[in-house]
Amino acid sequence: MQWTASEAHIRAASPNFAEMLKKDPGAPDGVRAPRAGEIMTNPTLAQTFRTLAEQGKPGFYTGRVAEALVKVVRDLGGRLELADLRHHLDVGSEPVAPISLRFCGQGTGKDGSGGVELWEHPPNGQGIVALMALGILQALEEQGRIPTFAPADFNSAPYLHAVIEALRLGFADGHWFVADPNVSAVPTQGLISEAYLAERARLFDPSRAAAHLQHGEPPALTSPALQSSDTVYFAVTDAQGNAASFINSNYAGFGTSIIPRGCGFTLQNRGANFSLDVAHPNRLEPRKRPYHTIIPGMVTNLSDGSLHSAFGVMGGFMQPQGHVQVLLGQLVGRLDPQQALDAPRVCIEAAVPEGGREAAWTVNLEEGMPEETIEGLRKLGHKVAVVRDVGRGLFGRGQIIRHTVDPVDGTPIWSAGSDMRADASIGPCVFLLPASHHQPFVLKHLGQVAAVVHVLDDVRAPNKLALDVQLRDRRPVRVLLDALAQLRVLEHVEGGKLLRVDTLHAQHLDDEPREPALRHLGRALHEEHHGRRRDGLVDGGACLVGQQAGLERREPWGREGRDGCVKGRSYSGRAGGLPQQGLEQAGQRRGGSEGGQPGAPRRLCGSSTLFEINDTQQQPGTMPHAGRQGLDAQADGIHASVAGSVSLARSDGKLHLLLAASGSVASIKLVQIINGLAAHRNLSIRLVLTAAAERFLAGQSAEQPSLAEVRRLPNVDGIYTDAAEWARPWTRGAPILHIEMRRWADVMIVAPLSANTMAKMVAGICDNLLLSVVRAWDTDGSVDGVRKKIVVCVAMNTAMWRHPVTAKNLRTLEEDWGGPDGWVEVLRPVSKTLACNDVGDGAMVSWEEIVAVAEAKLGLTRPAVE
């Protein structure tokens with residue numbers, strides 16, 4: 000839960016932290032973060048709302064609230080004056096003139112619509128990045144540098160290479176030019192002019208990712224481009240074709256976590272995207288707006304200016320990337336809104352770098368991306384990392400409402416999609432029945448399988464009974480379909496056959512009779528959703544294809560249908576469409592709901608005792624928490640030993656990563672792995688090293704620091720070698736280190752796993768501390784009551800990797816001990832030039848991929864940037 004994860008930051012950032020925490024006499028200082036399912040009251044925020052209701056904007060920018068805001072910032076060393084707030088009140092906000100780009104590429108100009116026009120929020124918003132990327136792709140197609148991709152090419156390596164490079168070019172310019180247009184000259188129209196985009200497109204190399212990208216020099220064509228409102232996103236449409244696309248955000252989690260006294264809110268931290276380069280257009284200055292990430296999206300049809308879709312994708316610098324990918328999914332991949340959102344995405348690391356000229360450009364690929372695409376992008380020179388499980392929140396959370404028109408009778412068709420990576424829903428879900436059905440009987444019949452059934456009197460469908468049906472929690476759609484089949488819902492459908500309603504036309508699905516066809520769809524929904532099993536339960540909804548006169552055709556949404564309309568996602572054993580395997584780790588020991596994390600479960604299946612929060616209150620016979628150094632330096636009592644300090648740290652309220660290394664040169668990557676996880680303040684890392692691994696970290700160079708230097712890295716709370724367990728005599732009744740480590744860890748990652756340690760692990764040998772932890776692992780959760788994973792990152796010489804003994808050991812790890820229900824996960828090595836100068840398989844996967852796996856297994860997301 001984000002509140003729990005942010006508690007330490009809230010406490011450290013503001014002297015008024017108690018206002019944002021729950022009162023609890025049992026907590027050490029009387030307050031703590033609220034837990035899942037608890038009631039949190041905020042009376043000071045209520046008073047602020049009363050002030051705003053009575054006084055309007057002046058109640059915020061002047062008076063009590065303004066004075067408290069200025070005081071807390073100044074007390075913490077910041078620079079803010081009452082006059083600054085008053086200035087904003089006097090100047091106010093100006094209406095936004097959206098910017099747009101006409102896109103006729105990828106066959107859209109030939110489908111009868113004439114193409115689409117994407118509308119975005121102007122600078123200081125980053126929507127221009129999405130427009131530039133689309134414009135560059137259009138220019139590349141016109142120049143013959145990329146083909147008109149077929150639907151089968153969607154998310155292929157050549158397709159994604161073009162999309163990634165276009166986005167990189169867009170960000171290279173956006174990082175430099177996106178600034179407050181009231182202070183800096185922003186060449187908005189120049190950046191999206193056809194000539195400039197064609198010029199930028201010439202930097203594209205279809206055979207290789209660009210090594211370095213700098214901003215260009217667009218013509219100085221400016222336009223009035225103003226500020227955004229100041230992540231929640233929603234889209235709303237009405238029967239007349241009007242739409243609203245809305246987004247709002249505090250940027251990272253609780254923002255600065257600075258709380259003005261008596262106000263009940265935290266200050267946002269949008270200033271993080273200013274540049275400290277004095278020559279930069281987006282440099283930090285008074286009374287100026289920074290580069291802003293949140294951007295609502297809207298698409299219209301070029302043919303008549305009618306609405307195509309209202310949509311948005313939350314997620315910081317992912318937002319323009321999400322806009323481009325979700326829109327192209329519909330245009331290139333011919334996907335319906337739900338499929339476009341469900342499709343695996345790419346997220347290039349594009350945070351604003353200092354100086355604005357270069358970013359990390361790591362290409363994060365979502366789990367589910369075809370393996371040939373992943374390898375193809377690597378061969379094209381992209382720095383690739385695969386992100387799995389709940390870490391997929393990195394790829395944003397989107398919503399779409401799409402509008403089309405039946406070409407035969409002109410009936411408006413509304414379809415929608417809701418992102419499986421978020422807690423979201425779509426409504427309504429409407430069914431039409433012949434009006435001859437006896438209404439009380441219908442309501443009673445459907446009420447047996449649905450939680451709520453409403454008659455919709457405002458749906459103008461002659462001779463039809465319109466119902467809004469919401470399934471009970473965890474009820475499969477199949478049950479509702481069978482109930483509808485019994486009512487002969489499709490009694491008057493053309494020809495007596497089931498129709499499939501598409502975005503542009505209706506066609507016969509098959510020649511089966513009505514009711515078997517419905518049951519066939521029910522089975523398809525039950526068994527498969529876009530190729531992924533969902534444990535017998537699917538989204539509780541159906542396709543809504545219109546709301547005006549003459550509407551007659553409905554279809555349940557599933558494998559056979561398009562334009563999915565979903566409501567009330569609820570899965571057994573899964574949540575948010577993500578594998579239970581990773582979610583178990585996110586929920587264990589920290590309460591049943593991780594509501595602040597995208598894709599996290601409302602409730603995990605299993606005994607509730609598995610998900611109790613471990614308090615940090617002192618227990619009888621234990622020593623109080625003594626801080627990071629103190630954990631390893633307790634002086635007396637049963638927790639005086641090294642094992643005791645690990646036992647004590649089980650209740651420190653953090654996530655626990657046990658990071659181990661065996662004898663391979665890849666051990667030096669531990670430093671990069673640790674630094675890669677430094678952003679997560681609620682993470683504790685403990686290292687276990689074999690004697691061979693120690694030799695690679697003895698202070699030989701900056702790349703190979705000493706263990707003392709490693710100990711000072713972020714989040715490292717202990718380093719353990721064989722001597723830690725066996726150097727001193729053990730007293731009966733004292734904790735045992737390798738057992739306490741097993742209990743302490745939420746996940747264990749062995750990086751690297753050498754050929755020697757792999758063979759010993761498979762043979763059950765435990766002659767060092769690392770192998771003792773592995774041998775003592777609770778593989779089925781029957782001892783500790785929690786199932787946890789060991790991830791092994793294999794690294795060895797190419798000949799060793801190809802040896803038949805390795806193949807035999809690998810089968811044990813992957814087939815006998817691995818799989819979705821197993822306790823071991825193997826990250827196979829990659830091919831490269833090894834330290835011994837051999838070229839071939841055997842190199843450990845990149846440290847970036849290991850970081851992504853750790854984040855996914857622990858349910859960690861990058862500090863929320865919206």
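Going by numbering that gives the first Met the number 0, the final residue of the sequence shown carries number 865, and the count climbs one at a time with no gaps. Virtual Cβ for every residue (Gly too), placed ideally from N, Cα, C. Predicted, not measured: the structure shown is a model, and the values here were computed from it.
- Message: Let's test the definition: count the other Cβ atoms within 10 Å of the Cβ of residue 239 and tell me whether it reaches 16, buried, or not, exposed.
- Response: exposed
Sequence-distant residues of the same chain with beta carbon closer than 7 angstroms to residue 753, five excluded per side | 661, 662, 663, 794 and 795
Tell me the DSSP secondary structure of residue 650 in three-state form. helix
*Exposed or buried, what is residue 807 when buried is set at 16 or more other beta-carbons lying within 10 Å of its beta-carbon?*
exposed
I'd like the ranges of any beta strand (DSSP E) spanning at least 3 consecutive residues and lying wholly in the segment 367-399.
383-386
(Q) I want to see whether chain D comes within less than 8 angstroms of residue 376, judged by CB atoms only; does it? (A) Of the protein chains in this structure there is only one, and it is not chain D.
The segment 133-151 contacting the segment 236-251, beta-carbon criterion three pairs below 8 angstroms: no
- [ ] Please name the residue or residues paired with residue 118 in a DSSP beta bridge.
- [x] 99 and 297
Q.
Taking only three categories from DSSP, how would you classify residue 714?
A. coil
With a floor of 4 residues, list each alpha helix (DSSP H) that falls wholly inside the segment 720-750, ordered by position along the chain.
721-725 and 736-743
**Neighbourhood of residue 42 by C-beta, 8 angstroms cutoff - its chain only, sequence neighbours within 5 removed** = 263
message = Within a Cβ cutoff of 6 angstroms, which residues of the same chain sit near residue 773, ignoring the five residues on either side of it in sequence?
response = 760
Notebook entry, point to check: Based on the DSSP output, what are the partners of residue 840 in its beta bridges?
Noted result: 830
query = Alpha carbon to alpha carbon, how far is residue 130 from residue 285?
reply = 29 angstroms
Margin query: So, does the segment 164-178 touch the segment 121-130, judging by three or more C-beta pairs under 8 angstroms?
Written below: yes
Do the segment 304-323 and the segment 388-402 make contact, defined as three or more Cβ pairs closer than 8 angstroms? yes
- Determine the extent of the alpha helix (DSSP H) in which residue 755 is found, giving its start and end residues. 754-762
Please say whether residue 369 and residue 674 have beta carbons closer to each other than 8 angstroms? no
Report task. Please say whether residue 294 and residue 196 have beta carbons closer to each other than 8 angstroms? Result -> no
Problem set entry | Continuous alpha helix (DSSP H) stretch holding residue 319: start and end | 317-330
task: Report all residues from its chain with a CB closer than 6 angstroms to the CB of residue 750; omit the five preceding and five following residues, and keep chain order.
output: 792 and 849
Sequence ranges, alpha helix (DSSP H) only - wholly within the segment 178-209, length at least 4 | 187-190 and 193-200
Report task. Taking 8 angstroms as the cut-off, decide whether the C-beta atoms of residue 297 and residue 339 are in contact. Result -> no
Cβ-based burial, residue 147 [other Cβ within 10 Å; buried from 16]:
exposed
How about residue 117 and residue 139: do their beta carbons lie closer than 8 angstroms? no
field: Sheet register partners of residue 22 (DSSP bridge)
entry: 30
Exposure label - residue 776; buried when at least 16 CB within 10 Å: buried
message: Less than 7 angstroms between C-beta atoms, sequence neighbours within five positions excluded: which residues of the same chain meet that for residue 778?
response: 822
Cβ-heavy atom distance between residue 154 and the ligand ZN below 7 angstroms?
Only the bare structure without any ligand can be found here, which leaves the ligand ZN out of the picture.
Can you check whether the CB of residue 212 is closer than 8 angstroms to the CB of residue 278?
no
request  = Could you pull out every residue in the same chain whose Cβ sits closer than 8 angstroms to the Cβ of residue 162, ignoring the five residues on either side in sequence?
outcome  = 132, 136, 323, 324, 327 and 345
Name the one or two DSSP bridge partners that residue 310 has. 296 and 399
> Out of curiosity, what's the CA-to-CA distance linking residue 681 and residue 304?
Replying inline: 49 angstroms
Query - For residue 875: DSSP bridge partner residues - result: There is simply no residue 875 to check, as the chain begins at 0 and stops at 865 in what is shown.
- request: Mark residue 655 as exposed unless 16 or more other C-beta atoms lie within 10 angstroms of its C-beta, in which case mark it buried.
  value: buried
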